[in-house]
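Chemist: Before anything else, here's the structure in question.
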Amino acid sequence: MIFYGRQDITQQDIDSVVNILKSDFLTQGPTVPAFEKSIATYCNAAHAIAVNSATAALHIACKAIGLGPGDWLWTSPNTFVASANCALYCGANVDFVDIDPRTYNMSVEALTVKLKKAKVSNQLPKIVMPVHFAGQSCEMHAIHELSKEYGFRIIEDASHAIGGKYQGRTIGNCQFSDITVFSFHPVKIITTGEGGMAVTNNPELDENMRTYRSHGITSEAVRMDTRPSNEIWNYQQVMLGYNYRITDIQAALGLSQMNRLDENIQRRHTIAQRYDSKLADLPVTIPWQHSDAYNSYHLYPILLNLQEMKKTQREVYNEMYTAGIQANIHYIPVYRQPFFEKMGFQKGYCPQSELYHQCTISLPMYPTLSDDQQFFVIDTIKCIIQ
Ligand SMILES: *Cc1c(COP(=O)(O)O)cnc(C)c1O
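What follows is the structure in structure tokens.
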């Protein structure tokens, strides 16, 4: 079976993990800070906080900004549920901004219209969370301009997008946001098994996120209450945090994967270019690229032009599966999930994201997809939809 995404593990990756297993520290050792430094340096960000998932990173990012009951977080409906759930974990409300039909990212026009209305009804969001869908950056400059006008904070959900660029700069530099979050789940660009990272240039957010990551505990003297000198206080819990720590075992894998990140992205571009050219004559829409964005190509989503073909989306999907290709659908609009419908969201809320969902299929895209496998995918699709 050819999957839509898959990890790339080399002997060097395996050796780095085994080295940690033989070392003094399986967790809270030196490899987590080394992995953080590697990501911060790569992204040109001041601080990086490694955690055990991107979901955890989104949660502590929201907490660090102070999202709480009565507040609103807005995100894209075309994302994984975690981008919305992080607001609910904080007791805040979540809402969705429809997508741009070209990039499938949060639409700046839709965001502008929604902000104008929210200002009138005094329900402006505290946080807007753009999601760099498939690895293509959102229009961060425009969103940042809006944040100055309307006073919201920005968390970039870059779970798909490590190694991508916006206006020539690496995603994660946080030029246009407070915090950027990456995922290291095995289907993403690089992996730690499970894992995530938050990067920021703001020292206060950095300190807050570190404390939330580890039970709300600090061992820095300046942050601790003064206690009688005969009592030993080597740490204090100063707020309610979580255990969101990642292990040194995982960090070793991530650190080793970072060595091949640029190569990985280049390979994804080669695969994307081949799809672009070989699918050009079919009744499908290939992913449109914004001139400001250098895509990391976590996904390669095509749109089926269903009016021009005799098959339904389900038929294409099923026939690919029968041929041995496990494609996928990214994404069901989050608010259409039963849990969100129970909160009051209804079908039709973000029409562009629903239209998109009804026509999209993500084709296999990962660095170890061989040329032969890719030609097989292309031939199979040609057979199915022609
Ligand atoms: C994968 C993903 C997440 C969650 O990542 P985990 O590391 O699995 O918690 C969040 N947002 C988006 C857009 C994702 O694709």
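Take any residue in the sequence shown, note its place counting from 1, add 62, and you have its number in the numbering used here.
The C-beta atom is built at its ideal place from N, Cα and C for all residues, glycine as well.
1) Can you say whether GLN74 is buried or exposed, counting buried as having 16 or more other CB atoms within 10 angstroms of its CB?
2) Give the straight-line distance between the Cα atoms of PRO400 and PRO413, rounded to the nearest whole angstrom.
3) Name the residue from GLN435, SER221, ILE122 and PRO131 whose alpha carbon lies nearest to the alpha carbon of PHE65.
4) Under the rule that 16 or more other beta-carbon atoms within 10 Å means buried, what is CYS445, buried or exposed?
5) Leaving out five residues on either side along the sequence, give the residues of the same chain with a beta carbon under 6 Å from the beta carbon of LYS404.
6) May I ask you to report which of helix, strand or coil DSSP gives SER245?
7) Does the distance from the CB of MET427 to the CB of TYR359 come in under 8 Å?
8) Classify TYR166 as helix, strand or coil using the three-state DSSP reduction.
9) Using the DSSP secondary-structure output, state which residues sit across from VAL190 in a beta bridge.
10) Please check the pair LEU317 and PHE97, which I expect to be a contact at CB under 8 Å, by giving their CB distance rounded to whole angstroms.
11) Let me confirm a value: ASN367 is counted as buried when at least 16 other C-beta atoms fall within 10 Å, else exposed. Which label applies?
12) If you follow the alpha helix (DSSP H) that ASN155 is part of, which residue opens it and which one closes it?
13) Cβ-heavy atom distance between HIS247 and ligand 1 below 7 Å?
14) Answer yes or no: the CB of HIS222 versus the heavy atoms of ligand 1, is any distance below 7 Å?
15) Under 6 Å Cβ to Cβ from SER485, same chain only, skipping five residues before and after it: list those, please.
16) For the segment 304-312 against the segment 275-286, are there 3 or more C-beta pairs whose distance is under 8 Å?
17) At the level of alpha carbons, what is the spacing between ASP354 and LYS227?
18) Express the C-alpha separation of HIS194 and ASN114 in angstroms, rounding to a whole number.
19) Assign GLN69 to buried or exposed, taking buried as 16 or more other Cβ atoms, counted over all protein chains shown, within 10 Å of its Cβ.
20) Exposed or buried, which one is LYS99 when buried takes at least 16 other CB atoms within 10 Å?
21) How should TRP350 be labelled, buried or exposed, when 16 other C-beta atoms within 10 angstroms of its C-beta is the threshold for buried?
22) Buried or exposed: which applies to ASN326, given that a residue is buried once 16 or more other Cβ atoms fall within 10 Å of its Cβ?
23) Could you check what DSSP says for ALA149 in three-state terms: helix, strand or coil?
24) With hydrogens ignored, establish whether the beta-carbon of ALA96 is closer than 7 Å to any heavy atom of ligand 1.
25) Going by DSSP, what residue range makes up the alpha helix (DSSP H) through GLY258?
26) Can you check which of these residues, THR165, GLY132, GLN198 and PHE142, is closest to ILE189 by C-alpha distance?
27) Give me the Cα-Cα distance between ALA334 and SER424, rounded to the nearest whole angstrom.
28) What residue range does the alpha helix (DSSP H) around TYR383 cover?
Modeler: The structure says:
1) Sequence index remark: in the sequence shown, residue 74 carries index 12 (1-based). Exposed: under 16 other Cβ atoms inside 10 Å.
2) The residue given as residue 400 occupies position 338 in the sequence shown. The residue given as residue 413 occupies position 351 in the sequence shown. If you take the alpha carbons of PRO400 and PRO413, they lie about 18 Å apart.
3) Numbered from its first residue, the sequence shown carries residue 65 at position 3. Out of GLN435, SER221, ILE122 and PRO131, GLN435 has the C-alpha closest to the C-alpha of PHE65.
4) The residue labelled residue 445 in the question sits at position 383 within the sequence shown. Exposed, by the Cβ-count rule.
5) Counted from its first residue, the sequence shown places residue 404 at position 342. Once the five neighbours on either side are set aside, LYS404 has no close Cβ partner at all.
6) Locating residue 245 in the sequence shown gives position 183, counting from the first residue. If DSSP states are grouped into helix, strand and coil, SER245 belongs with the strands.
7) Along the sequence shown, read from residue 1 onward, the residue named residue 427 stands at position 365. Along the sequence shown, read from residue 1 onward, the residue named residue 359 stands at position 297. Going by C-beta atoms, MET427 is nearer than 8 Å to TYR359.
8) In the sequence shown, counting from the first residue as 1, residue 166 sits at position 104. In this structure, TYR166 counts as coil in the three-state DSSP scheme.
9) The residue given as residue 190 occupies position 128 in the sequence shown. Answer by DSSP bridge pairing, in chain order: TRP136 and ILE216.
10) In the sequence shown, counting from the first residue as 1, residue 317 sits at position 255. In the sequence shown, counting from the first residue as 1, residue 97 sits at position 35. The pair is a contact, with the Cβ atoms about 5 Å apart (cut-off 8 Å).
11) Position 305 of the sequence shown, counting from 1, holds the residue named residue 367. Per the 10 Å Cβ criterion, exposed.
12) Reading the sequence shown from its first residue, position 93 is the one you call residue 155. Not the alpha helix (DSSP H): ASN155 falls in the beta strand (DSSP E), residues 155-158.
13) For the purposes of this step, residue 247 is taken as residue 185 along the sequence shown, with counting starting at 1. At least one heavy atom of ligand 1 is nearer than 7 Å to the Cβ of HIS247, so yes.
14) In the sequence shown, the residue the question calls residue 222 occupies position 160. Yes, ligand 1 has a heavy atom inside 7 Å of this Cβ.
15) Any answer about residue 485 is impossible in this case: the structure gives the chain only from 63 up to 448.
16) Yes, the segment 304-312 touches the segment 275-286.
17) Taking the first residue of the sequence shown as position 1, residue 354 is located at position 292. Taking the first residue of the sequence shown as position 1, residue 227 is located at position 165. Using only the alpha carbons, I get a separation of about 8 Å.
18) Locating residue 114 in the sequence shown gives position 52, counting from the first residue. Locating residue 194 in the sequence shown gives position 132, counting from the first residue. Roughly 21 Å separates the two Cα atoms.
19) As a working note, residue 69 is residue 7 in the sequence shown. That one is buried.
20) Position 37 of the sequence shown holds residue 99. Exposed, because fewer than 16 other Cβ atoms sit within 10 Å of the Cβ of LYS99.
21) Within the sequence shown, numbered from 1, the residue matching residue 350 stands at position 288. The residue is exposed, with fewer than 16 neighbouring Cβ atoms inside 10 Å.
22) One-based indexing of the sequence shown puts residue 326 at position 264. Per the 10 Å Cβ criterion, buried.
23) Locating residue 149 in the sequence shown gives position 87, counting from the first residue. In the structure shown, ALA149 sits in a helix (DSSP, three-state: H, G or I).
24) Within the sequence shown, numbered from 1, the residue matching residue 96 stands at position 34. No; taking the cut-off as 7 Å, the Cβ of ALA96 has no heavy atom of ligand 1 nearer than that.
25) Here residue 258 is taken as the residue at index 196 of the sequence shown, counted from 1. Under the DSSP assignment, GLY258 falls outside any alpha helix (DSSP H), being part of the beta strand (DSSP E) whose first and last residues are 258-262.
26) The residue you call residue 189 lines up with position 127 of the sequence shown. Of THR165, GLY132, GLN198 and PHE142, the residue nearest in Cα terms is GLY132.
27) Within the sequence shown, numbered from 1, the residue matching residue 334 stands at position 272. Within the sequence shown, numbered from 1, the residue matching residue 424 stands at position 362. Between ALA334 and SER424, the C-alpha separation is close to 12 Å.
28) Stepping through the sequence shown from its first residue, residue 383 is reached at position 321. Run containing TYR383: 375-384, per the alpha helix (DSSP H) assignment.
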